[in-house]
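Colleague: Protein chains in written order, with my numbering: chain A, 943 to 1283; chain B, 943 to 1283.
Below is one structure. I have some questions about it.
There are 2 protein chains.
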Amino acid sequence: MPELTLEDIAQKAGVSRSTVSRVINGQPYVRAEVRARVLEVIRETNFHPNVAARSLALQRSWMLGLVLPRTVSSLFTDPYFPRLTQGVAQACNQHNFTLGLFLVGSAEDEEKIYPRVARKGLLDGLLIQSGELGDQLIDRLANTNMPFLVLGRPFHGENISYIDVDNVDAAYGAVVHLIRLGYRRIGTITGPIKSAVGIDRKEGYLRALVEHGLPVDESLIVDGSFSEAESYAAMQQLLPARPEAVFAASDMMAVGAMRAVREAGLEVPDDIAFVGFDDMPMIPVPEPRLTTVRQPIIKFGEKAVEILIDLIEDRTRGPQRVIMNTELIVRESCGIRGRNL
Amino acid sequence: MPELTLEDIAQKAGVSRSTVSRVINGQPYVRAEVRARVLEVIRETNFHPNVAARSLALQRSWMLGLVLPRTVSSLFTDPYFPRLTQGVAQACNQHNFTLGLFLVGSAEDEEKIYPRVARKGLLDGLLIQSGELGDQLIDRLANTNMPFLVLGRPFHGENISYIDVDNVDAAYGAVVHLIRLGYRRIGTITGPIKSAVGIDRKEGYLRALVEHGLPVDESLIVDGSFSEAESYAAMQQLLPARPEAVFAASDMMAVGAMRAVREAGLEVPDDIAFVGFDDMPMIPVPEPRLTTVRQPIIKFGEKAVEILIDLIEDRTRGPQRVIMNTELIVRESCGIRGRNL
DNA sequence: GTGAAAGCGCTAACAG
DNA sequence: CTGTTAGCGCTTTCAC
């Protein structure tokens, strides 16, 4: 089967290349009769115009890139990135963009990926997950005219666009919920403290304590990472400090921590109450269901794509900052049942 | 910042466009001194050649597509696809290919995606997950000269390339393991029976029974899907048939089924033994660890990319069929501890 | 309304 | 070794 081109279609339809192009792009000023004939030829030959040629002529690829860290721990077990990817992919589909996926596992990978994403002609725009790995990329891209949007508040950088949830406020709300429930010794296992999320959620925790006149006890704060296993270890470290309740920076972390609690012969929420973050659809495990901060992950991905497309279509806009809402989902792990409000 | 082109670099370096092209593509026959000068200009201008132009000239995009079904159940909770994607993405990185991700959620989506993946100039080749959704795409692509490789045995289609694990054999081995352990009433919860995996694993189950002179009891067989929830329901259906052991077509399904077992007041493996499939790194739940068939998922993805690239570079080869090995991982859920071999 | 022709940025013969 | 030239397949003025 010979690879068809516009010219071939034009010949078969007895018109010129330009006319075929007009038909394909739905432009006006083509006689209805001619249009129909061309359309017919296209249909019966199953012709699809060459993307590379079109990209070259239009200086537009209709392709978006998504750069994600590939940390062994998080990408394997935490459903966060799969869901985010799904939201982004769905939205790309919807808007007729193709999605390019770039998994960065190391600084080395980053080096390898950079030229591919920065190079013109491949991508119209980029979505970059904020974090330890992504942020170097962000700095380099900032000196480029490649439109990009950061997922999550970037660690630094002034004039860059990003989308995030208000982590400080959400964490604040989660901890205040525990305070209202009467807990006083409230601990936390933080996210990676080198990342904006980790910092922000910790800050929300601290602010809640301070604003409610509770002492900040360093022994009740353990820095963790978004991994079940590390959170399990962190909880063991936290146990001697005798927390009455714990705010974990992600649901996955809450699961790990609760595992440690159980193994120590204690009960959730009776001995230690829990609040998580994410509201991940998890395997139903035989425990009290998790009280948690719900993030609209899929919508987050969709919204990100929309903003990025806006950024691409209209370069004149200044940096965009979009904050999406979270919602505290109260279930049983916070011990609300046994408490009086 | 003006978008640089080869011509600009050529001018700055005082050579012709061709020479710059040669330097970039590492071709010989460029004087060392000239090469150095050009390289220097490229470095200081941070120049990257335009991908679209290069693709057009070379008729090659160095981009691979991955088509995955986006079934709500599986993509959300089962880590299978995230891991597969990771393997594929890693390998793409390694071989300097860009990965395009296409999530298909409906027949409608499929319709929308088809022109994008079939169109020349965007993709050099395609990886398509076999299953209910993917298979229509496969048929259409077969009439095309787009190289593609199916992940998992396609439901039908003769001359198409695919990579798979030997599901029949692996399931057979898992069930034989249970038989050797002395179980006689062995049930199964199958995968989607419209898909090749579902069929193959069920066949392995049946073959094991038959070859060992065990009766096939229809009440011990429940058709399921790769979802925790459906498997939970399936197990409830299976319970009255009093199985001594159950072979679940995936780990996720085993988790759901075991949940039903527990809720019925029974113990794993003492009352009902379990063998799963996948060897997913799961959240450690307080149960006996799962005996399961390990699939080399990441390697599977990597291998798939390699085969596809071979297919792309050398079109003359006939259809490839690659079967990867699985391994039975014996842990506690099969009740091996309490049994005498 | 429609066709001719130029050009998008790069590679690859083909001369020299 | 290096420059000139002719495409790759599409879009888009600009004539007619």
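Just so it is clear, CB atoms sit at the ideal spot from N, CA and C, and this is done for glycine as well.
(1) Please list the partners that H990(A) has in chain B, where partner means a Cβ-to-Cβ separation under 8 Å.
(2) Please list, in chain order, the chain B residues whose beta carbon lies closer than 7 Å to that of R1012(A).
(3) Looking only at its own chain, which residues have a Cβ that is under 6 Å from the Cβ of D1220(B), when we skip the five neighbours before and after it?
(4) I1131(B) and S1169(B): beta carbons closer than 7 Å?
(5) Who are the near neighbours of I1249(B) in its chain, counting only those whose CB is closer than 8 Å to its CB and skipping five residues on each side?
(6) May I have the straight-line CA-CA distance separating G1099(A) from N1085(A), to the nearest angstrom?
(7) Drop a sphere of 10 angstroms on the beta-carbon of R1081(B), count the other beta-carbons inside from all chains shown, and report buried for 16 or more, exposed for fewer.
(8) Quick check on R1058(B): buried or exposed, where buried means 16 or more other Cβ atoms within 10 Å of its Cβ?
(9) In the DSSP assignment, what residue or residues form a beta bridge with E1269(A)?
(10) With three or more C-beta pairs closer than 8 Å as the rule, is the region 1196–1213 of chain A touching the region 1048–1057 of chain A?
(11) Going along the chain, which unbroken runs of the beta strand (DSSP E) with 3 or more residues stay wholly within the region 1036–1076 of chain B?
(12) What residues match up with M1005(B) in a beta bridge as DSSP calls it?
(13) Could you compute how far the alpha carbon of S963(B) sits from the alpha carbon of G1140(A)?
(14) What in chain A is Cβ-close to E945(B), meaning under 9 Å?
(15) Given this structure, state the Cα-to-Cα distance separating F1242(A) from L1026(A), to the nearest angstrom.
(16) Just to make sure I have the definition right: I need the residues of chain B whose C-beta is within less than 7 Å of the C-beta of S997(A). Which are they?
(17) Whole-angstrom Cβ separation of A952(A) and T961(A), contact assumed at under 8 Å?
(18) Which residues in chain A sit within 8 Å of Q1032(B), going by Cβ to Cβ distance?
(19) Out of curiosity, what's the CA-to-CA distance linking P1096(B) and C1034(B)?
(20) Please tell me whether P1096(B) has its Cβ less than 7 Å away from any Cβ of chain A.
(21) Have a look at the DSSP bridge pairing and note the partners of D1220(A).
(22) Using a 10 Å radius around the Cβ and a threshold of 16 neighbouring Cβ atoms, would you call G1094(A) buried or exposed?
(23) In whole angstroms, give me the CA-to-CA distance for V1118(B) and R1279(A).
(24) Which residues does DSSP pair with G1129(A) in a beta bridge?
(25) If you reduce the DSSP assignment to three classes, tell me which class P1021(B) lands in.
(26) Would you mind working out which of L1123(B), I1254(B), I1240(B) and I1251(B) sits nearest N1267(B), comparing C-alpha positions?
(27) Taking the continuous alpha helix (DSSP H) assigned at Y1114(A), which residues delimit it?
(28) Hey, does T1130(B) have any beta-carbon neighbour from chain A nearer than 7 Å?
(29) For P1261(A), decide whether its Cβ has a neighbour in chain B, counting only Cβ atoms nearer than 7 Å.
(30) Please report whether the beta-carbon of G1067(B) lies at a distance below 7 Å from any beta-carbon of chain A.
(31) Name the residue from M1224(B), A1190(B) and I1121(B) whose alpha carbon lies nearest to the alpha carbon of A1171(A).
(32) Does the contact criterion of 3 or more C-beta pairs under 8 Å hold for the region 1207–1215 of chain A versus the region 1144–1157 of chain A?
(33) Could you tell me which chain B residues have their CB closer than 7 Å to the CB of G1140(A), listed as they occur along the chain?
(34) Our contact map puts G1067(A) next to L1253(A) with C-beta atoms below 8 Å; I'd like the distance itself, whole angstroms only.
(35) Can a CB atom of chain A be found closer than 7 Å to the CB of G1042(B)?
(36) Got a sec? Which residues, its chain only, sit under 6 Å from G1073(A) by beta carbon, not counting five neighbours each side?
Modeller: The answer reads as follows:
(1) As a working mapping, residue 990(A) is identified with position 48 in the first sequence. In chain order: P1057, A1060, R1061 and K1062.
(2) Here residue 1012(A) refers to the residue found at position 70 of the first sequence. Neighbours of R1012(A) on chain B, chain order: Q1028.
(3) In the second sequence, residue 1220(B) corresponds to position 278, counting from 1. Excluding positions up to five away in sequence, the list reads S1192, D1193 and Q1237.
(4) For the purposes of this step, residue 1131(B) is taken as residue 189 along the second sequence, with counting starting at 1. For the purposes of this step, residue 1169(B) is taken as residue 227 along the second sequence, with counting starting at 1. For I1131(B) and S1169(B), no; Cβs fall outside 7 Å.
(5) Locating residue 1249(B) in the second sequence gives position 307, counting from the first residue. Only L1091, S1103, I1105, Q1262 and V1264 meet the Cβ criterion.
(6) Counted from its first residue, the first sequence places residue 1099(A) at position 157. Counted from its first residue, the first sequence places residue 1085(A) at position 143. Each residue's alpha carbon lies about 12 Å from the other.
(7) For the purposes of this step, residue 1081(B) is identified with residue 139 of the second sequence, where counting begins at 1. The amino acid occupying residue 1081(B) in the given sequence is Asp; Arg does not appear at that position. Result: exposed.
(8) Stepping through the second sequence from its first residue, residue 1058(B) is reached at position 116. It counts as buried.
(9) Along the first sequence, read from residue 1 onward, the residue named residue 1269(A) stands at position 327. Answer is R1236(A), bridged to E1269(A).
(10) no
(11) 1040–1046 and 1067–1071
(12) Counting from one through the second sequence, the residue named residue 1005(B) turns up at place 63. Looking at the DSSP assignment, M1005(B) forms a beta bridge with T1040(B).
(13) Position 21 of the second sequence, counted from the first residue, corresponds to residue 963(B). Position 198 of the first sequence, counted from the first residue, corresponds to residue 1140(A). Taking the straight line from one Cα to the other gives about 46 Å.
(14) In the second sequence, residue 945(B) corresponds to position 3, counting from 1. In chain order: Q1001, K1062 and N1087.
(15) Position 300 of the first sequence, counting from 1, holds the residue named residue 1242(A). Position 84 of the first sequence, counting from 1, holds the residue named residue 1026(A). Between F1242(A) and L1026(A), the C-alpha separation is close to 7 Å.
(16) Along the first sequence, one-based indexing puts residue 997(A) at 55. What S997(A) touches in chain B: A994.
(17) Position 10 of the first sequence, counting from 1, holds the residue named residue 952(A). Position 19 of the first sequence, counting from 1, holds the residue named residue 961(A). Rounded, the Cβ-Cβ distance is 7 Å, consistent with contact.
(18) Looking up residue 1032(B) in the second sequence gives position 90. Going along chain A in sequence order, the residues near Q1032(B) (Cβ under 8 Å) are R1012, L1045 and G1047.
(19) The sequence position of residue 1096(B) within the second sequence is 154, counting from 1. The sequence position of residue 1034(B) within the second sequence is 92, counting from 1. C-alpha separation (whole angstroms): 23 Å.
(20) For the purposes of this step, residue 1096(B) is taken as the residue at position 154 of the second sequence. It does not; no Cβ of chain A falls within 7 Å.
(21) In the first sequence, the residue the question calls residue 1220(A) occupies position 278. Answer by DSSP bridge pairing, in chain order: R1236(A).
(22) Here the question's residue 1094(A) lines up with position 152 in the first sequence. Buried is the call here.
(23) One-based indexing of the second sequence puts residue 1118(B) at position 176. One-based indexing of the first sequence puts residue 1279(A) at position 337. Taking the straight line joining both Cα atoms gives about 48 Å.
(24) In the first sequence, the residue the question calls residue 1129(A) occupies position 187. The partner list for G1129(A) (beta bridge, DSSP) reads V1188(A).
(25) Residue numbering aside, residue 1021(B) sits at position 79 when the second sequence is read from its first letter. It is coil, neither helix nor strand.
(26) Here the question's residue 1267(B) lines up with position 325 in the second sequence. Comparing Cα positions, the closest option is I1240(B).
(27) Along the first sequence, read from residue 1 onward, the residue named residue 1114(A) stands at position 172. It spans N1109 to R1122 - the alpha helix (DSSP H) in which Y1114(A) sits, taken as one unbroken run.
(28) Position 188 of the second sequence, counting from 1, holds the residue named residue 1130(B). For T1130(B), the answer is no, since every Cβ of chain A falls outside 7 Å of its Cβ.
(29) The residue labelled residue 1261(A) in the question sits at position 319 within the first sequence. By this cut-off, P1261(A) is not an interface position.
(30) Here the question's residue 1067(B) lines up with position 125 in the second sequence. Judged by the 7 Å Cβ criterion, G1067(B) is not in contact with chain A.
(31) The residue you call residue 1171(A) lines up with position 229 of the first sequence. Ranking the options by Cα distance to A1171(A), first place goes to M1224(B).
(32) no
(33) Here residue 1140(A) corresponds to residue number 198 of the first sequence, with the count starting at 1. Neighbours of G1140(A) on chain B: none; closest Cβ ~21 Å, over 7 Å.
(34) Translated into positions along the first sequence, residue 1067(A) becomes position 125. Translated into positions along the first sequence, residue 1253(A) becomes position 311. That belief holds up - the Cβ atoms of G1067(A) and L1253(A) are roughly 6 Å apart, short of 8 Å.
(35) Indexing the second sequence from 1 puts residue 1042(B) at position 100. Yes, contact with chain A.
(36) Numbered from its first residue, the first sequence carries residue 1073(A) at position 131. P1011 and S1137, listed in sequence order.
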